[in-house]
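Written out below as structure tokens is the structure these notes cover.
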Amino acid sequence: MEPAMKNQVLSNKAIWYKSPDPAEKEAEWYKSLNPEEKEKEKLLSKSADCYKSLGSAEKQDVLSSRAIWYKSLDTAQKQKTAE
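Okay, so the sequence shown: first residue is 15 according to my numbering, each after it adds one.
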């Protein structure tokens, strides 16, 4: 990481850390994301909300389906999904 970028990241983290209000911390962090990251964060948040609303059996089904899907991928596809 370039020094200027590293300093910017550290500065953003320092602002976030010094903030006493969790909502303010979240806002500072979110503002620092680029548009693609913001969209990804929205999708992850919606997925998390959906997952939290599931019952135990439903959660197990989701995890089982994902495991079966992941095992079906070849090595190159697994590396791509990890990125």
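Don't be surprised by glycine CBs; every beta carbon is placed ideally from N, CA and C.
Quantities reported herein were computed from a predicted structural model and do not represent experimental measurements.
- Do Lys73 and Tyr65 have their CB atoms nearer than 8 angstroms? Going by C-beta atoms, Lys73 is nearer than 8 angstroms to Tyr65.
- Just tell me which of Ser46, Glu38, Glu53 has its CA closest to the CA of Met19. Closest by alpha carbon: Ser46.
- At what residues does the alpha helix (DSSP H) containing Leu4 begin and finish? The first residue shown for the chain is 15 and the last is 97, placing residue 4 beyond what the model contains.
- Considering only residues of the same chain and omitting the five flanking positions on each side of Glu55, which have a CB-CB separation below 8 angstroms? Answer for Glu55: Tyr44, Leu47, listed in chain order.
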